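Numbering (our numbering), first residue to last: 280 to 608. Heads up, the beta-carbon is just placed ideally off N, CA and C, and yes, glycines get one too. Being a predicted model, the structure only gives us computed values, none of them experimental. What follows is one structure encoded as structure tokens, with my remarks underneath.
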Ligand code: 8YV
């Protein structure tokens, strides 16, 4: 790597000296600042371009900025011998190899709190939609079925239900508080009981599912939660039970979920996240009792602006004095 960039330099040469690498697509505000304020360069997405870039610059990279969707995975992190910090846009950082980062003493920042309300709002939107069949009823009207077939079939009551929260963290807690407003009885399962929580604790995801009408998945993604909601949990939820997932697709065994829904083993599902985004199993798209969203839970103008600001605050702070504003805990 050279230490000076010339006006004629190819994009990869302009990287010289900044040491900041954008990995994958990021929020437009963050992206613009990365270029204008920090002289960062984006890692090419295509394998050939990526290889050539890394061959030339890997050792000069100090800081990687990524989104929660792409992250700095095991292979990429291994290539970045001089990596000092990872700045992650998003509260979830499961796409990044957190264990390798910890072993190498590489701190990671994320964007907690600022998105809690919007994600919890999305969970409520899915909850109400799935139970009251709002999207299905909308399709019914648009198809002209109201005129030809008469009244839309009855849905189930959303207020006053028993709801289980899987993962009572910041977002799970915000969802629970909203559900309290709907007169719901809240139970939860978490890696460990939450001190001071008034909600009743269930020892496992399965026991929680067996005790409630609706299971809301709000657990963090990552190796520890992969497939936490599998066929036994879905069976415990049962044919009159509903699943809402605003966490990560990896937390739910998607094949088991599709099988349960297709067989009528589950009342319905509201999903913002999937195992292999943006691919959504075709079988789910044919089901009227399933609401499918394109991973938009934090997707409001205000929240994305707050997330961008916090991402850049972490980057500036690291460059100033080597600390992060919101390191992952
Ligand atoms: C974002 C998210 O869509 O924060 C998260 O973990 O899943 C969402 O808010 C995502 O991080 C954008 O990259």
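Taking all protein chains shown into account, decide if residue i is buried (16 or more other Cβ within 10 angstroms of its Cβ) or exposed.
i: residue 344; result: buried
i: residue 282; result: For residue 282, the pLDDT reaches just 35, beneath the cut-off of 50, and the residue's location in the model is therefore unreliable, leaving the point undetermined.
i: residue 374; result: buried
i: residue 492; result: buried
i: residue 462; result: exposed
i: residue 482; result: exposed
Measure the C-alpha to C-alpha separation of residue i and residue j and round it to an integer number of angstroms.
i: residue 444; j: residue 422; result: 35 Å
i: residue 357; j: residue 509; result: 32 Å
i: residue 385; j: residue 525; result: 28 Å
i: residue 607; j: residue 387; result: 6 Å
i: residue 291; j: residue 319; result: Note that residue 291 scores a pLDDT of 46, beneath 50, so its modelled location is shaky and nothing firm can be said.
i: residue 389; j: residue 366; result: 7 Å
i: residue 334; j: residue 355; result: 12 Å
i: residue 583; j: residue 306; result: 8 Å
i: residue 519; j: residue 571; result: 19 Å
i: residue 595; j: residue 377; result: 22 Å
Take residue i as the anchor and find which of the options has the nearest alpha-carbon.
i: residue 475; options: 454, 339, 394 and 448; result: 448
i: residue 362; options: 572, 428, 600 and 341; result: 341
i: residue 578; options: 315, 478 and 401; result: 401
i: residue 394; options: 411, 299 and 587; result: 587
i: residue 542; options: 522, 566, 507 and 426; result: 566
i: residue 415; options: 575, 599 and 564; result: 564
i: residue 380; options: 559, 538, 364 and 473; result: 364
i: residue 382; options: 521, 562, 408 and 353; result: 353
i: residue 323; options: 304, 562, 554 and 519; result: 304
i: residue 372; options: 498, 440 and 493; result: 498
i: residue 495; options: 512, 412 and 596; result: 512
i: residue 233; options: 424, 391 and 521; result: Only positions 280 to 608 of the chain appear in this structure, which leaves residue 233 out of reach.
i: residue 339; options: 298, 515, 425 and 504; result: 298
Legend entry - Around ligand 1, Cβ to any heavy atom closer than 5 Å, ordered along the chain: Result (chain order): 346, 347, 348, 369, 370, 371 and 577.
Inset, instruction - Examine the Cβ distances between the stretch 479-489 and the stretch 430-442 and report whether three or more of them are shorter than 8 Å. - result: No, the stretch 479-489 does not touch the stretch 430-442.
Inset, instruction - Spell out a yes or no on whether the stretch 460-471 and the stretch 537-555 are touching, meaning 3 or more CB-CB pairs, one atom from each, closer than 8 Å. - result: no
Inset, instruction - Pair every Cβ in the stretch 452-460 with every Cβ in the stretch 526-535, then say whether three or more of these pairs are closer than 8 Å. - result: By the C-beta criterion, the stretch 452-460 is judged not to be in contact with the stretch 526-535, since fewer than 3 inter-stretch pairs fall below 8 Å.
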